Amino acid sequence: MTGRRPEPPEARAVQARDRRVLARLISMVENGDPRARPIQKALYPHTGHARIVGITGPLGVGKSSLVNALLGVLRARGVRVGIIGVDPTSPFSGGSVLGDRIRIDRAGGDEGVFFRSMASRGHTGGIAATTREVARLLDAFGMDIVLVETVGSGQVDVEIRRIASTSVVVLVPHLGDGVQSLKAGLFEIADVFTINKADLPGADGAARYLSEMTALGAGPDGWTPPVVQCSTVEGRGIEDLWKAVEAHEAFLDSGPGRARGEEARARAEIVDRVTGRIGLRLDGLLEENRELRELLGQVLDRSLDPGTASDRIYAALRHRL
Amino acid sequence: MPREKKEAPIRVLIAKPGLDGHDRGAKVVARALRDSGMEVIYVGLRQTPEAIVDSAIEEDVDLVGLSILSGAHMVLFPRILKLLKERRAADIPVFAGGIIPDEDARRLRRAGVKAIFGPGARLDEIVTTARSIARRHA
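As you go down the protein sequences, you meet chains A and B in turn.
Number 343 marks the last residue of the first sequence (the working numbering); no jumps.
Number 403 marks the last residue of the second sequence (the working numbering); no jumps.
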């Protein structure tokens, strides 16, 4: 089919920077509303301009305050900024308190900023399942930079890596001993390290130690993450932090990094989406299909182990994939 | 994890307009709304009417809860309602809590504030009312 349908009016409204339409579209995407799909489809060719920068780190290190400070730097340069602040959803009530907005001070009516709070809605890894799609909508809306602030992360909340081209890991002095930085996870995803609250004692030591660790060897892509000290209380280091982000983005553009990153992210998104649907379908089949139910029963009465049952199901379904 | 089709949670903005440093009531209400399954966007203290309306629009909330103890409600609330109207967002319902004399409360209701709670209001009553006046009924 080559018949070109006219763009849905919502797609045109988003490109014309209608804030209410964008806000509603974000809700539709978050809620899995199928009406969003044709609009997203029409907007996709108009995306790819915005750089997505992740701000991650443990809870209480000052991620929201840093986002606010960066917003000040970027707006002063006339850069249009989308912000997504992700906070956790309660597994008990399904409710959440989204508080990232509280740190943001901006001039009322500043059209160059769009801030959206997102609840994680049961998704783990530090972001929501639809954060990537929401970032893309902000891109289509004409934002130059999209800052994504993750849930206060644990050691393995590294999913921001799958949507951002630069990930900033925020730490503070006295967070733990030196062995922490040897561990896998959070420390491995940083393109830029920030020691925030550098007005507190111990910041120099922490920065020196991290620098020594990163100097041991560049990552597989050849980039050595810089370590920047910041204090949002004193307004110090914020420009340097942004320069470090820009340096990483320039590094990506100067070599194969940009194309590789984009391919990896597109692949991850397609795999996520397809496996998600296959998972739902399979779950349904385990309910409806007699043979599959039998296999499930054998696992339950311990006459078959889950590994063998899965191999058989995979073999039976493979030709249908 | 496959994404399940679930009912969309109600999104509510909780804000304290103007110069008023007492946010315990607002926080308690935010917590109660969270526990009832809502997504509460909490922006807290010293919000200008413009900032509150920006937040309500960008967050696509189903309702706005304003808490005020300063006595400036007859200036700030009508201003917020007017801004919502100007920005084509008058469909977002507004409720209020705080110290608001009966006569003012009557006038504010006439101006469009959907519900007003005084100091003795029960949390379950606030949650039930919030749910019933929210734009989308989840």
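For every residue, glycine included, the Cβ atom is placed at its ideal position computed from N, Cα and C.
Bear in mind the structure is a predicted one, so any value in this text is a computation, not a measurement.
If you draw a straight line from the alpha carbon of residue i to that of residue j, how long is it in whole angstroms?
{"i": "A/Arg-340", "j": "A/Glu-309", "result": "19 Å"}
{"i": "A/Ala-64", "j": "A/His-71", "result": "16 Å"}
{"i": "B/Pro-267", "j": "A/Ser-325", "result": "Legend: pLDDT at B/Pro-267 = 40, less than 50; position of this residue unreliable, no value from coordinates given."}
{"i": "B/Asp-389", "j": "A/Cys-252", "result": "44 Å"}
{"i": "B/Lys-270", "j": "A/Glu-52", "result": "With a pLDDT of 47 at B/Lys-270, under the threshold of 50, the modelled position of this residue cannot be trusted, and the question is left open."}
{"i": "A/Ser-112", "j": "A/Gly-277", "result": "42 Å"}
{"i": "B/Ala-291", "j": "B/Phe-382", "result": "12 Å"}
{"i": "B/Ser-335", "j": "A/Gly-259", "result": "38 Å"}
{"i": "B/Thr-393", "j": "A/Gly-164", "result": "39 Å"}
{"i": "A/Ala-186", "j": "A/Leu-81", "result": "20 Å"}
{"i": "A/Leu-304", "j": "A/Pro-56", "result": "21 Å"}
{"i": "A/Ala-212", "j": "A/Ile-77", "result": "10 Å"}
{"i": "A/Glu-284", "j": "B/Arg-387", "result": "52 Å"}
{"i": "A/Ile-149", "j": "A/Val-190", "result": "15 Å"}
{"i": "A/Asn-90", "j": "B/Leu-346", "result": "28 Å"}
{"i": "A/Gly-131", "j": "A/Leu-47", "result": "20 Å"}
{"i": "B/Lys-313", "j": "A/Val-296", "result": "Before going further, note that residue 313 of chain B is Thr rather than Lys in the sequence given. Whole-angstrom Cα-Cα distance: 45 Å."}
{"i": "A/Arg-43", "j": "A/Lys-265", "result": "It is Val, not Arg, that sits at residue 43 of chain A in the sequence shown. Rounded to the nearest angstrom, the two C-alpha atoms are 34 Å apart."}
{"i": "A/Thr-69", "j": "A/Pro-110", "result": "28 Å"}
{"i": "A/Leu-318", "j": "A/Val-173", "result": "36 Å"}
{"i": "A/Ala-286", "j": "A/Glu-32", "result": "30 Å"}
{"i": "A/Pro-30", "j": "A/Arg-59", "result": "10 Å"}
{"i": "A/Thr-24", "j": "B/Glu-351", "result": "At A/Thr-24, the pLDDT of 48 sits below 50, so the modelled position is not reliable and the matter cannot be decided from this model."}
{"i": "A/Met-235", "j": "A/Arg-39", "result": "45 Å"}
{"i": "A/Asp-275", "j": "A/Val-267", "result": "13 Å"}
{"i": "A/Gly-301", "j": "A/Pro-223", "result": "50 Å"}
{"i": "A/Glu-313", "j": "A/Pro-328", "result": "15 Å"}
{"i": "A/Arg-102", "j": "B/Leu-373", "result": "37 Å"}
{"i": "B/Arg-401", "j": "A/Ala-162", "result": "27 Å"}
{"i": "A/Gly-54", "j": "A/Gln-62", "result": "12 Å"}
{"i": "A/Asp-122", "j": "B/Asp-356", "result": "25 Å"}
{"i": "A/Gly-94", "j": "B/Asp-319", "result": "18 Å"}
Is there a Cβ from chain C that is less than 8 Å from the Cβ of residue i?
{"i": "B/Pro-282", "result": "Checking the listed chains, one finds no chain C in this structure; the protein chains it contains are A and B."}
From the options, pick the residue whose C-alpha is nearest to that of residue i; which is it?
{"i": "A/Arg-280", "options": "A/Leu-307, A/Gly-244, A/Asn-311", "result": "A/Gly-244"}
{"i": "B/Ile-279", "options": "B/Ile-333, B/Glu-368, B/Ala-273", "result": "B/Ile-333"}
{"i": "B/Ser-301", "options": "A/Ile-105, A/Ile-48, A/Gly-116", "result": "A/Gly-116"}
{"i": "B/Glu-324", "options": "B/Lys-350, B/Thr-393, B/Glu-304", "result": "B/Glu-304"}
{"i": "A/Val-75", "options": "A/Val-168, A/Arg-334, A/Asp-323, A/His-270", "result": "A/Val-168"}
{"i": "A/Arg-128", "options": "A/Leu-96, A/Ala-151, A/Ala-186, A/Pro-223", "result": "A/Leu-96"}
{"i": "A/Gly-79", "options": "A/Ser-175, A/Asp-161, A/Leu-222", "result": "A/Ser-175"}
{"i": "B/His-338", "options": "B/Arg-400, B/Ala-395, B/Pro-274, B/Arg-371", "result": "B/Arg-371"}
{"i": "B/Arg-353", "options": "A/Arg-41, A/Ile-335, A/Thr-146, A/Ala-229", "result": "A/Arg-41"}
{"i": "B/Gly-377", "options": "B/Ala-399, B/Asp-367, B/Gly-363, B/Pro-343", "result": "B/Pro-343"}
{"i": "A/Glu-271", "options": "A/Arg-73, A/Arg-183, A/Asp-327", "result": "A/Arg-73"}
{"i": "A/Gly-104", "options": "A/Phe-136, A/Val-83, A/Ala-288", "result": "A/Phe-136"}
{"i": "A/Arg-143", "options": "A/Val-119, A/Glu-133, A/Pro-67, A/Arg-287", "result": "A/Val-119"}
{"i": "A/Glu-291", "options": "A/Thr-254, A/Ala-151, A/Leu-92", "result": "A/Ala-151"}
{"i": "B/Phe-360", "options": "B/Asp-319, B/Arg-396, B/Glu-368", "result": "B/Arg-396"}
{"i": "A/Leu-21", "options": "A/Leu-197, A/Ile-335, A/Pro-242, A/Pro-328", "result": "Only positions 23 to 343 of chain A appear in this structure, which leaves residue 21 of chain A out of reach."}
{"i": "A/Ser-87", "options": "A/Asp-179, A/Ile-124, A/Gln-62, A/Ala-240", "result": "A/Ile-124"}
{"i": "A/Leu-193", "options": "A/Asp-179, A/Ala-162, A/Ala-225", "result": "A/Ala-225"}
{"i": "A/Asp-179", "options": "A/Asp-166, A/Glu-155, A/His-145", "result": "A/His-145"}
{"i": "A/Glu-256", "options": "A/Ala-220, A/Gly-241, A/Pro-28, A/Arg-183", "result": "A/Ala-220"}
{"i": "A/Arg-230", "options": "A/Gly-241, A/Arg-183, A/Pro-242, A/Ile-217", "result": "A/Ile-217"}
Hey, residue i and residue j are a contact pair by Cβ (cut 8 Å); roughly how many whole angstroms apart?
{"i": "A/Val-36", "j": "A/Leu-159", "result": "7 Å"}
{"i": "A/Val-250", "j": "A/Leu-238", "result": "The pair is not a contact, with the Cβ atoms about 19 Å apart (cut-off 8 Å)."}
{"i": "A/Pro-247", "j": "A/Phe-215", "result": "6 Å"}
{"i": "B/Asp-327", "j": "B/Ile-391", "result": "15 Å between Cβ atoms; not a contact."}
{"i": "A/Ser-139", "j": "B/Ile-306", "result": "5 Å"}
{"i": "B/Ile-317", "j": "B/Pro-358", "result": "That belief does not hold up - the Cβ atoms of B/Ile-317 and B/Pro-358 are roughly 14 Å apart, past 8 Å."}
{"i": "B/Ala-311", "j": "B/Leu-341", "result": "According to the sequence shown, residue 311 of chain B is Arg rather than Ala. Contact flag wrong, Cβ pair sits at about 12 Å."}
{"i": "A/Ala-331", "j": "A/Val-321", "result": "5 Å"}
{"i": "A/Val-108", "j": "A/Glu-171", "result": "6 Å"}
{"i": "A/Ala-157", "j": "A/Ile-106", "result": "6 Å"}
{"i": "B/Lys-379", "j": "B/Ile-398", "result": "5 Å"}
{"i": "B/Gly-330", "j": "B/Gly-363", "result": "Rounded, the Cβ-Cβ distance is 11 Å, inconsistent with contact."}
{"i": "B/Leu-349", "j": "B/Ala-321", "result": "7 Å"}
{"i": "A/Gly-84", "j": "A/Thr-188", "result": "In fact, because the Cβ distance is near 18 Å, the residues do not count as touching under 8 Å."}
Sort out for me which residues DSSP pairs residue i with in a bridge.
{"i": "A/Leu-47", "result": "A/Leu-47 pairs with nothing; no bridge assigned."}
{"i": "A/Ile-106", "result": "A/Arg-138, A/Val-170"}
{"i": "A/Gln-251", "result": "A/Ile-217"}
{"i": "B/Ile-275", "result": "Answer is none; B/Ile-275 lacks a bridge partner."}
{"i": "A/Ser-115", "result": "Paired residues: none, contrary to the question."}
{"i": "B/Gly-330", "result": "B/Ile-279, B/Phe-360"}
{"i": "A/Leu-88", "result": "Paired residue(s): none; A/Leu-88 is not in a bridge."}
{"i": "A/Leu-120", "result": "B/Ile-306"}
(request) At 3 residues or longer, and completely inside the stretch 337-403 of chain B: list those beta strand (DSSP E) runs for me, N to C. (result) 359-363, 380-382
(message) Quick check on the DSSP output: what are the complete beta strand (DSSP E) runs of length 3 or more inside the stretch 54-86 of chain A, in order along the chain?
(response) 73-78
(request) For the stretch 299-325 of chain B, list the beta strand (DSSP E) runs that are entirely contained and at least 3 residues long, ordered along the chain. (result) 304-312
(request) Identify every run of the alpha helix (DSSP H) within the stretch 254-321 of chain A, keeping only runs that are complete inside it and at least 4 residues long; order them along the chain. (result) 260-276, 279-310
(request) Mind listing, in chain order, the continuous beta strand (DSSP E) runs of no fewer than 3 residues lying wholly within the stretch 140-220 of chain A? (result) 167-171, 188-193, 214-217
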